[in-house]
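Take a look at the structure below.
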Amino acid sequence: MPEPEFVLAWVTLADEAATPEGEGGRFLLVRNKTRGWELPGGTRENDETPRQTLFRELFEETGISGRFICWNKKFYPKGWVGWVIADELFGKSLSNIPNTQNMQNDKNTPAKELESWKVSDSGVVEAKWHTESPEMYTWDANEITVLAKWAAEWTPKE
Numbered sequence: 005m006p007e008p009e010f011v012l013a014w015v016t017l018a019d020e021a022a023t024p025e026g027e028g029g030r031f032l033l034v035r036n037k038t039r040g041w042e043l044p045g046g047t048r049e050n051d052e053t054p055r056q057t058l059f060r061e062l063f064e065e066t067g068i069s070g071r072f073i074c075w076n077k078k079f080y081p082k083g084w085v086g087w088v089i090a091d092e093l094f095g096k097s098l099s100n101i102p103n104t105q106n107m108q109n110d111k112n113t114p115a116k117e118l119e120s121w122k123v124s125d126s127g128v129v130e131a132k133w134h135t136e137s138p139e140m141y142t143w144d145a146n147e148i149t150v151l152a153k154w155a156a157e158w159t160p161k162e
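For the sequence shown, position 157 (counting from the first letter as 1) is numbered 161 according to the numbering used here, and the numbering increases by one without interruption.
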């Protein structure tokens with residue numbers, strides 16, 4: 005299979021099960037200045053591997069770092085979706101924090117709640133955890149539904 009032209013990140017939280025959309029598990033979206041809500045991601049730079057691109061774009065657009073789970077190489081003809089379980093926001097752990105408690109970063113940024121936070125990426129207005137698709141301008145909300153189902157049904161290859 006040829007290398008992708010772009011990669012996107014499907015991001016979930018470590019202490020929450022990946023679920024079909026609307027069944028409780030949160031996923032991460034960014035609000036682009038012109039395109040509205042979308043998955044974080046972008047195009048490869050120089051000699052980056054797809055995984056390096058995934059983690060660079062994810063951190064630039066959200067401040068999130070995490071663990072790579074797997075690729076969905078069939079969803080988009082020219083791009084791959086990488087599933088990442090979020091571990092840190094701006095270097096602070098996202099694990100074992102009750103949902104009633106906000107973890108704040110140095111910019112007073114909420115991490116675990118369904119609130120949004122701002123990042124330094126000029127194309128991103130905010131990043132936010134969602135349980136259901138928000139109003140989408142450029143993307144089809146069905147893409148989110150299908151990807152949430154993909155993650156919920158994924159099992160590791162032995």
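A virtual CB, placed ideally from N, CA and C, is assigned to each residue, including glycine.
>> Can you tell me whether Asp125 is buried or exposed? The criterion is at least 16 other CB atoms within 10 Å of its CB, across all chains shown.
In response: buried
> Hey, out of Thr66, Thr135, Arg55 and Pro81, whose CA is closest to Ile148's CA?
Replying inline: Thr135
> Skipping 5 residues on each side, what residues in its chain have a beta carbon closer than 6 Å to that of Gln108?
Replying inline: Residue placement at Gln108 cannot be trusted, given a pLDDT of 43 that sits under 50; what the coordinates show is reported in the next sentence. Around Gln108: no qualifying Cβ.
>> Need the endpoints of the alpha helix (DSSP H) that Asn146 sits in, please.
In response: Ala145 to Glu157
>> On a Cα-Cα basis, can you pick out the residue from Glu64, Glu25, Tyr141 and Thr53 that is closest to Lys122?
In response: Glu64
>> With H, G and I counted as helix, E and B as strand and the rest as coil, what does DSSP make of Thr23?
In response: coil
> Considering only residues of the same chain and omitting the five flanking positions on each side of Glu3, which have a CB-CB separation below 8 Å?
Replying inline: Nothing can be reported for residue 3, as the shown portion of the chain is limited to 5 through 162.
>> Tell me which residues share the same chain as Gly83 and place their Cβ nearer than 7 Å to its Cβ, disregarding the 5 neighbours each side in the sequence.
In response: Pro8, Glu9, Phe10, Val11 and Leu12
> Below 7 Å between beta carbons: does that hold for Trp133 and Leu62?
Replying inline: no
>> Only counting the same chain, and skipping five residues up and downstream in sequence, which positions put a Cβ closer than 6 Å to that of Arg35?
In response: Trp41, Val129 and Glu130
> In the structure shown, what three-state DSSP assignment does Lys111 receive?
Replying inline: In this predicted model, Lys111 has a pLDDT of only 45, less than 50, meaning its place in the structure is not dependable; the value taken from the coordinates is given anyway. Coil, per DSSP.
> Among residues of its own chain, excluding the 5 on either side of Lys153, which ones have a beta-carbon nearer than 8 Å to its beta-carbon?
Replying inline: Pro24 and Glu25
> Got a sec? Which residues, its chain only, sit under 6 Å from Tyr141 by beta carbon, not counting five neighbours each side?
Replying inline: Gly40
> Starting from Glu64 and walking both ways along the alpha helix (DSSP H), at which residues does that stretch end?
Replying inline: Pro54 to Thr66
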